[in-house]
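Reading through the structure tokens given below for one structure.
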Amino acid sequence: MANSSPQQWKNVAWLTALGSAGILLLSVGLNYLLLFSEALTPFGRSMVTATLLPVIIGGPLLLFIGLQRIELGHYRKELNKSATFDSLTGCLNRTVFTSMVDRRTTRQGSSGPRSGAFLVIHPEHIRSINLRFGLGWGDEALRLIASTIQSSVRKEDLVGRIGTSMFGVFLPGATEDDAKEIGERIRTRVAQAYFAPKGTEDTLAISVGGVVFENELEFEEMFRSAESLLSGVEHKPGFQLSHLHH
1 MANSSPQQWK NVAWLTALGS AGILLLSVGL NYLLLFSEAL TPFGRSMVTA TLLPVIIGGP
61 LLLFIGLQRI ELGHYRKELN KSATFDSLTG CLNRTVFTSM VDRRTTRQGS SGPRSGAFLV
121 IHPEHIRSIN LRFGLGWGDE ALRLIASTIQ SSVRKEDLVG RIGTSMFGVF LPGATEDDAK
181 EIGERIRTRV AQAYFAPKGT EDTLAISVGG VVFENELEFE EMFRSAESLL SGVEHKPGFQ
241 LSHLHH
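Each residue of the sequence shown is one higher than the one before, starting from 1 at the first, in full-length UniProt numbering.
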């Protein structure tokens, strides 16, 4: 309620005042009617008052509170979602993605290598799409590329939007062959995706830089190494993969 406007506070105050007045009038009216009822003894009147008033007043009040709790739960769920996922692409946002990658690289068992692969994916021609068709179509291209990436990885892999037009893919336990297969699958599917801004079919393309590691590495180290490989394929879609040694 910290950000509530003065008008919202006025509405709450009016609702509280009217509700209190209504409950008071209902209680007085009911007791007045029961006072002149010859069919009820004083004990019977008190029992009617004791049971009827809580039902009339408490029932709607409890229903209202229950509905408010449901609505609050919905807001909390939406808030958690917005704090975890990128609103445009549905991928993990950079903060959450970075944290999850760092946790998973250090969480693996102490026996055996903490191995895997990390890919940095840069969509090409997004600026050109924005200039030719508008920012909305540039956003649509990013959404399409993101959904293609997500549908091309394994269940245990993580996909995050780590820049305005850059994605990261963490492949825990992946071998060099796994990383190559997944990276090439993503590139092929993006190129085959149907994208027709304003009815004009256009081809999407991405550049991929990736590193394979055999020992525990932090996100920033993997990211810098993978991103540096993109300079070799900049402005020319391709896939570069290297090995990292801790």
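Note that CB positions come from ideal geometry on N, CA and C, so glycine has one too.
- Residue pairing from DSSP places ARG161 in a beta bridge opposite PHE167.
- Around the C-beta of SER207, 16 or more other C-beta atoms lie within 10 Å, and the residue is accordingly described as buried.
- Going by beta carbons, PHE97 and GLY160 fall inside the 7 Å limit.
- In the three-state scheme derived from DSSP, where H, G and I count as helix and E and B as strand, VAL101 is classed as helix.
- With a cut-off of 8 Å on Cβ pairs, the region 86-104 is in contact with the region 145-155, counting three or more such pairs.
- For ALA205, the closest alpha carbon among the candidates ALA141, THR175, THR164, SER99 is that of ALA141.
- Within a 10 Å sphere around the beta-carbon of GLY210 sit 16 or more other beta-carbons, which makes this residue buried.
- The beta carbon of ASP86 sits closer than 6 Å to those of ASN93, ARG161, all from its chain and outside the five residues before and after it, given in chain order.
- By a beta-carbon distance limit of 8 Å, MET100 contacts LEU158. Their separation comes to about 6 Å.
- Classified as buried, LEU229 has 16 or more neighbouring CB atoms from the shown chains inside 10 Å of its CB.
- The alpha carbon of ARG103 has as its nearest neighbour, out of LEU135, ILE65, VAL190, PHE170, the alpha carbon of PHE170.
- For GLY138, the uninterrupted alpha helix (DSSP H) run begins and ends at 135-152, by DSSP.
- Using a Cβ distance threshold of 7 Å, GLY66 and GLY116 do not count as a contacting pair.
- Beta-bridge pairing by DSSP links GLN240 to GLY209.
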